[in-house]
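Undergrad: Protein chains in written order, with the working numbering: chain A, 30 to 390; chain B, 4 to 151.
Yeah, the Cβ is synthetic: ideal placement off N, Cα and C, and Gly gets one too.
Mind having a look at this structure? Questions to follow.
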Ligand code: FES
């Protein structure tokens, strides 16, 4: 690596190549019991890159109007060579990306890698996770099928419970009072322009901070990490990263090829919602919770309280590093760990219930 | 007056001017952008009655969705043979409801909401009854009429 660079003085004169090479040559990864979790962030990044690539390809044929969207996706899947594969990869990789991001986020939480000086890394990471969910939500409507149509109606209706500006938010998301072609075009704009722009900005910040600050060693593992010699990032850790990506690619390709993503039926605003309607798995726990919230709590709509509660938990999650000030001191920080496990258990139980509880009386 | 000017140094005066100018610029840019983002209201011709279906089209204990302007409505023929008409927009989160012949009442698939044959919310999350329309049979047509 360095010999190639040494020969090409062209770049050295124009860019601090040596500094970058030097940085990566000296970068190390601490070794301890939890080193395995260091791979998840890179895994998320890998799926994100796949999303960018396949997304750009889909853009070549997709048409974002109520009249043509469904047909254009159908065209991609039946007429365009390997179109079914590209679309299937995009859908599957989206799900795997959210899953990887979730595991990454929870492992960072439990290993307390958010503590000083990594507060901003955590905040940018949580915001990136919310953006991933927003990608999932806005992308879901684009094929303009029945399930997506009703999911978007319900999902956008939810924001109208926000106090004061709820109705404005609803208009903002729907581009009108109802879910129509205007909504489709608008969510398309978010999905391919606004969200990628925000994501790229935050991603650069997030990755830069990780590079500058290095890997965090969890509080209980410091002694062990000092005893063991850290692993040089280049080439050892990077190689392992690449093996992981290769496995991920294999898994993704198998899923996309064996279980091609279905298209369903074209949305009909004048048909009843189909039975068994469910959101994507990562929204299921909220969906299921809202089913159990009674219609009225005292004099307030139960729905409103439930949704506001989720919003508050989201804000709390974002601010964790500022609330848990002394994670190494024990005590207070144990409550955060307990909270994390409870949240995780809640998500798992509610998601499972959504699968097993039948939808009738 | 001169007191005021002597307390305000030239430096901070320029700072205020610059800051105020930037704030005004930001406002002048943001205001039209925000206004642009909010969709204009499209006036809808208010329709107060509509043909919901034909006489004899529905067997007792069945229902169908019809168009009422740009919103769906639900025409129900009860097991006893009467016609009822409602807005098909669920009062919970706006899914489109349907008539279930096995329950003999109205059902919303999205979060398992149930409404009886007068549109009252009887189970599940919906907080309010469905809006009911008056039904009138004129010749072959079953009309749904919005009650004012
Ligand atoms: S939208 Fe009808 S029950 Fe939720």
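Just to confirm, is the Cβ distance from residue 204/A to residue 42/B under 8 Å?
TA: For the purposes of this step, residue 204/A is taken as residue 175 along the first chain, with counting starting at 1. For the purposes of this step, residue 42/B is taken as residue 39 along the second chain, with counting starting at 1. Yes, the Cβ-Cβ distance between residue 204/A and residue 42/B is below 8 Å.
Undergrad: Could you tell me the alpha carbon to alpha carbon distance between residue 15/B and residue 24/B, rounded to whole angstroms?
TA: Stepping through the second chain from its first residue, residue 15/B is reached at position 12. Stepping through the second chain from its first residue, residue 24/B is reached at position 21. Cα to Cα, the separation comes out at about 14 Å.
Undergrad: Relative to the C-alpha of residue 117/A, which residue among 281/A, 338/A, 320/A is closest?
TA: Position 88 of the first chain, counting from 1, holds the residue named residue 117/A. Looking at the Cα atoms, 281/A is the closest of the given residues.
Undergrad: Give the residues whose C-beta lies closer than 5 Å to at least one heavy atom of the ligand FES, in chain order.
TA: Spelled out in chain order, the answer is 93/B, 95/B, 96/B, 98/B, 111/B, 113/B, 114/B, 116/B.
Undergrad: Is residue 24/B helix, strand or coil when you go by DSSP?
TA: Here residue 24/B corresponds to residue number 21 of the second chain, with the count starting at 1. It is helical.
Undergrad: When you compare the CB positions of residue 231/A and residue 157/A, do they come within less than 8 Å of one another, or not?
TA: Against the first chain, residue 231/A aligns to sequence position 202. Against the first chain, residue 157/A aligns to sequence position 128. Yes, the pair counts as a contact, with Cβ atoms nearer than the cut-off.
Undergrad: Have a look at the DSSP bridge pairing and note the partners of residue 147/B.
TA: Taking the first residue of the second chain as position 1, residue 147/B is located at position 144. 53/B, 138/B.
Undergrad: If residue 140/B and residue 58/B are in contact, beta carbons under 8 Å, what's the gap, nearest whole angstrom?
TA: For the purposes of this step, residue 140/B is taken as residue 137 along the second chain, with counting starting at 1. For the purposes of this step, residue 58/B is taken as residue 55 along the second chain, with counting starting at 1. The pair is a contact, with the Cβ atoms about 6 Å apart (cut-off 8 Å).
Undergrad: Does any C-beta atom of chain A lie closer than 8 Å to the C-beta of residue 87/B?
TA: The count along the second chain starts at 1 and reaches residue 87/B at position 84. No, residue 87/B does not count as interfacial toward chain A.
Undergrad: Would you check if the region 111 to 129 of chain B and the region 28 to 47 of chain B touch, i.e. whether three or more CB-CB distances between them fall below 8 Å?
TA: Taking 8 Å as the limit for Cβ pairs, the verdict is that the region 111 to 129 of chain B does not touch the region 28 to 47 of chain B.
Undergrad: Looking at the unbroken beta strand (DSSP E) that takes in residue 169/A, where does it start and where does it end?
TA: By 1-based counting over the first chain, the position of residue 169/A is 140. Unbroken run through residue 169/A is the alpha helix (DSSP H), 148 to 170; no beta strand (DSSP E).
Undergrad: Tell me, which residues are paired with residue 114/A by DSSP?
TA: If you number the first chain from 1, residue 114/A lands on position 85. According to DSSP, residue 114/A bridges with nothing at all.
Undergrad: If you measure from the beta carbon of residue 40/B to each beta carbon in chain A, is any gap under 8 Å?
TA: Looking up residue 40/B in the second chain gives position 37. Interface residue, yes.
Undergrad: If the criterion is Cβ atoms closer than 8 Å, does the pair residue 258/A and residue 99/A meet it?
TA: Counted from its first residue, the first chain places residue 258/A at position 229. Counted from its first residue, the first chain places residue 99/A at position 70. For residue 258/A and residue 99/A, no; Cβs fall outside 8 Å.
Undergrad: Does the CB of residue 70/B have a neighbour CB from chain A at under 8 Å?
TA: Indexing the second chain from 1 puts residue 70/B at position 67. Yes, residue 70/B counts as interfacial toward chain A.
Undergrad: With 8 Å as the limit, tell me which residues of the region 301 to 312 of chain A have their beta carbon closer than that to any beta carbon of chain B; keep them in chain order.
TA: Correct list: 301, 302, 303, 304, 305, 306.
Undergrad: Among residues of its own chain, excluding the 5 on either side of residue 202/A, which ones have a beta-carbon nearer than 6 Å to its beta-carbon?
TA: Here the question's residue 202/A lines up with position 173 in the first chain. Within the same chain, residue 202/A has close Cβ partners 185.
Undergrad: Starting from the C-beta of residue 50/B, find all residues in its chain whose C-beta is less than 6 Å away, skip the five residues before and the five after it, and write them out in chain order.
TA: Within the second chain, numbered from 1, the residue matching residue 50/B stands at position 47. 72, listed in sequence order.
Undergrad: Note down, in chain order, all residues in the region 196 to 208 of chain A with a beta-carbon under 9 Å from any beta-carbon belonging to chain B.
TA: Within the region 196 to 208 of chain A, the qualifying residues are 197, 200, 201, 203, 204, 205, 206, 207, 208.
Undergrad: Pick from 346/A, 373/A, 372/A: whose alpha carbon is nearest that of residue 143/A?
TA: In the first chain, residue 143/A corresponds to position 114, counting from 1. Ranking the options by Cα distance to residue 143/A, first place goes to 346/A.
Undergrad: By the criterion of Cβ-Cβ separation under 7 Å, what are the contact partners of residue 179/A in chain B?
TA: Locating residue 179/A in the first chain gives position 150, counting from the first residue. The contacting residues are 98, 113.
Undergrad: Give me the chain A residues within the contact set of residue 45/B, using Cβ-Cβ distance strictly less than 8 Å, ordered along the chain.
TA: The sequence position of residue 45/B within the second chain is 42, counting from 1. Chain A residues near residue 45/B: 205.
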